[in-house]
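Enquirer: Our numbering applies: residue 65 is where the sequence shown begins, and numbers increase by one. Ideal placement from N, C-alpha and C gives every residue a C-beta, glycine not left out.
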Amino acid sequence: MSQNDFAEANRAAWNQVAPLHRRHNFARLSESFSRPGYSCLDPIETGLLRGLGIAGKDVAQLACNNGRELISMRNLGARRCVGFDISDAFVAEAQELAAIAKQDVAFVRTSVFDIPPEYDGSFDLVVITIGVLNWLPDLAAFYRVVDRLLRPGGRFFAYEMHPVLWIFDPAPDGTTLQFTHPYFETTPFLDNEGLDYYGNTEYVSRDKYSFQHTLGDILQGAIDAGLRIAHIREYPHDISNRFANLTDKRFLPPMSCTLIAEKGA
Ligand SMILES: C[S@@+](CC[C@H](N)C(=O)[O-])C[C@H]1O[C@@H](n2cnc3c(N)ncnc32)[C@H](O)[C@@H]1O
């Protein structure tokens with residue numbers, strides 16, 4: 065399958081789950097964004113983005129889902145904000161939320177690999193968060209996009225699920241982890257497990273494809289693209305909802321990480 069085939073399959077899977085996420089989240093997000101200045105970003109992300117001087121910066125978010133984070137960044141003072149996502153339904157919801165927030169935030173439906181050249185060199189910050197890299201088959205191609213979107217001196221910021229987390233699934237009772245996938249897997253992973261990590265509705269997903277990247281792949285990919293690693297941190301807390309019910313926390317792997325990489329001036 066080509067990169068485009070993977071993206072189109074995943075587009076259908078994300079469009080399929082969008083109404084389920086919406087049922088769970090939309091009323092709450094609408095109410096929250098009707099309050100001026102609302103941000104859904106946690107203290108770690110807020111602190112790092114403020115440290116990057118987000119106020120007044122032009123920001124792109126790749127695979128931005130329903131835009132809740134990018135609208136929050138705009139509420140933190142970001143200047144031009146553009147979100148890109150492959151899902152028609154999530155982009156439509158993001159536009160609705162931006163209107164509710166009365167914020168000028170643009171959302172574009174596209175695969176990250178097909179972002180038009182008109183956006184090249186337009187951003188001070190390119191951001192990804194919470195479960196993006198695992199949908200992308202080609203990290204080198206991804207970093208080429210990051211590099212072309214950034215202005216000289218711009219920064220890439222990732223607040224991601226730690227890549228080691230993908231070797232685990234919650235055990236059937238949800239309270240602990242079990243090993244399910246090899247860390248060094250290189251073949252695409254096809255599955256039909258539902259994506260409703262908010263409401264936990266069980267359904268058969270359209271075919272979706274995900275990709276294991278090691279921490280080394282993620283760092284080396286940035287280096288190979290000519291970006292300078294300025295910051296990497298690992299954390300014990302879960303930023304996805306996937307592991308929300310873990311109660312046996314004695315032997316947890318790193319659950320999340322932050323990465324900042326700079327483009328040369
Ligand atoms: C787990 S969600 C990101 C969650 C988001 N950061 C949040 O917390 O709300 C992953 C997103 O990646 C998008 N996606 C997957 N493959 C993509 C691609 N090739 N190009 C653009 N977006 C993609 C999906 O549509 C989905 O919205």
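1. Between the stretch 210-228 and the stretch 236-245, are three or more C-beta pairs nearer than 8 Å?
2. By Cβ distance, which residues of its chain are closer than 7 Å to W230, with the 5 residues on each side in sequence left out?
3. Closer than 6 Å by C-beta to V172: which residues in its own chain qualify, once you throw out the five before and the five after it? Chain order, please.
4. So does the stretch 254-264 actually touch the stretch 70-85, counting three or more Cβ pairs closer than 8 Å?
5. Beta-carbon within less than 8 Å of V209's beta-carbon, same chain only, minus the 5 sequence neighbours each way: which residues are those?
6. Mind listing, in chain order, the continuous alpha helix (DSSP H) runs of no fewer than 4 residues lying wholly within the stretch 175-229?
7. Taking the Cβ atom as the reference point for each residue, do Y273 and F253 lie within a distance shorter than 8 Å?
8. Could you tell me the boundaries of the alpha helix (DSSP H) in which F171 lies?
9. Please name the residue, chosen from I303, L283, E257, S304, that lies closest to A294 on a Cα-to-Cα basis.
10. As a quick check of your reading: which residues have a C-beta less than 7 Å from at least one non-hydrogen atom of ligand 1, in chain order?
11. Tell me whether L241 sits in a helix, a strand or coil according to DSSP, three-state version.
12. Give me the residue from N256, T174, R212 with the minimum Cα distance to G328.
13. Is the Cβ-Cβ distance between Y183 and V146 less than 8 Å?
14. So, at 8 Å on beta carbons, what are the nonlocal neighbours of I118 in its own chain, with the 5 sequence-adjacent residues on each side left out?
15. Tell me where the beta strand (DSSP E) around P234 begins and ends.
16. Give me the Cα-Cα distance between E93 and L161, rounded to the nearest whole angstrom.
17. Counting C-beta neighbours from all protein chains within 10 Å, is the total for I287 16 or more, i.e. buried, or is it exposed?
18. Only counting the same chain, and skipping five residues up and downstream in sequence, which positions put a Cβ closer than 6 Å to that of G238?
19. Taking the runs of the alpha helix (DSSP H) that are 4 residues or longer, which of them lie wholly in the stretch 237-308?
20. Would you please state the rounded distance, in angstroms, between the beta carbons of V123 and F187? I believe it to be under 8 Å.
21. So the candidates are H301, A204, Y102; which of them puts its Cα closest to the Cα of M319?
22. Spatial neighbours of F97 within its chain, please: C-beta separation below 7 Å, excluding the five flanking residues on both sides.
23. Tell me where the alpha helix (DSSP H) around F148 begins and ends.
Expert: Straight from the coordinates:
1. Result no; under three Cβ-Cβ pairs closer than 8 Å.
2. Numbered from its first residue, the sequence shown carries residue 230 at position 166. Cβ-Cβ distances below 7 Å link W230 to N198, H245, Q276 in the same chain, with the five nearest sequence neighbours on each side left out; the list follows chain order.
3. By 1-based counting over the sequence shown, the position of residue 172 is 108. Once the five neighbours on either side are set aside, the close Cβ partners of V172 are F148.
4. Touching, per the Cβ criterion.
5. Counting from 1 along the sequence shown, the entry for residue 209 is found at position 145. Non-local C-beta neighbours of V209 in its own chain, meaning closer than 8 Å and more than five positions away in sequence, comprise L126, V176, F177, I179, ordered along the chain.
6. For the stretch 175-229, whole alpha helix (DSSP H) runs of length 4 or above, ordered along the chain, are 203-213.
7. Locating residue 273 in the sequence shown gives position 209, where the first residue counts as 1. Locating residue 253 in the sequence shown gives position 189, where the first residue counts as 1. Closer than 8 Å, so yes.
8. The count along the sequence shown starts at 1 and reaches residue 171 at position 107. In the DSSP assignment, F171 falls outside any alpha helix (DSSP H) and within the unbroken beta strand (DSSP E) covering 170-173.
9. Counted from its first residue, the sequence shown places residue 294 at position 230. Closest by alpha carbon: L283.
10. Here the list is A71, N74, R75, W78, L126, A127, C128, N129, N130, R132, E133, F148, D149, I150, S151, F154, T174, S175, V176, F177, T193, I194, G195, V196, W199, L200.
11. Counting from 1 along the sequence shown, the entry for residue 241 is found at position 177. Under the three-state reduction of DSSP, L241 is assigned to strand.
12. Start at 1 with the first residue of the sequence shown, and residue 328 comes out as number 264. Of the residues N256, T174, R212, the one whose Cα lies closest to the Cα of G328 is R212.
13. As a first step, residue 183 must be located in the sequence shown, where it is residue number 119. As a first step, residue 146 must be located in the sequence shown, where it is residue number 82. Yes, they are a contact pair.
14. The residue you call residue 118 lines up with position 54 of the sequence shown. Close CB contacts of I118 within its chain, under the 8 Å cut and outside five residues either way in sequence, are with M137, L140, G141, A142, L189 (chain order).
15. In the sequence shown, residue 234 corresponds to position 170, counting from 1. Start and end: 232-234.
16. Sequence index remark: in the sequence shown, residue 93 carries index 29 (1-based). Sequence index remark: in the sequence shown, residue 161 carries index 97 (1-based). Glu is not the amino acid found at residue 93; the sequence shown has Leu there. Straight across, the Cα-Cα distance linking L93 with L161 is about 8 Å.
17. Within the sequence shown, the letter at position 223 stands for residue 287. Exposed is the call here.
18. In the sequence shown, counting from the first residue as 1, residue 238 sits at position 174. For G238, where only same-chain residues beyond five positions count, the Cβ hits under 6 Å are N309.
19. Those alpha helix (DSSP H) runs which fall completely within the stretch 237-308 and span 4+ residues are 279-288.
20. Taking the sequence shown and counting its residues from 1, the one referred to as residue 123 is at position 59. Taking the sequence shown and counting its residues from 1, the one referred to as residue 187 is at position 123. That belief holds up - the Cβ atoms of V123 and F187 are roughly 6 Å apart, short of 8 Å.
21. For the purposes of this step, residue 319 is taken as the residue at position 255 of the sequence shown. For M319, the nearest C-alpha among the options comes from H301.
22. One-based indexing of the sequence shown puts residue 97 at position 33. If we look at F97 and ignore the five residues flanking it on each side, its Cβ neighbours are I135, L161, I164, A165.
23. Along the sequence shown, one-based indexing puts residue 148 at 84. That residue, F148, is in no alpha helix (DSSP H); its beta strand (DSSP E) goes 145-149.
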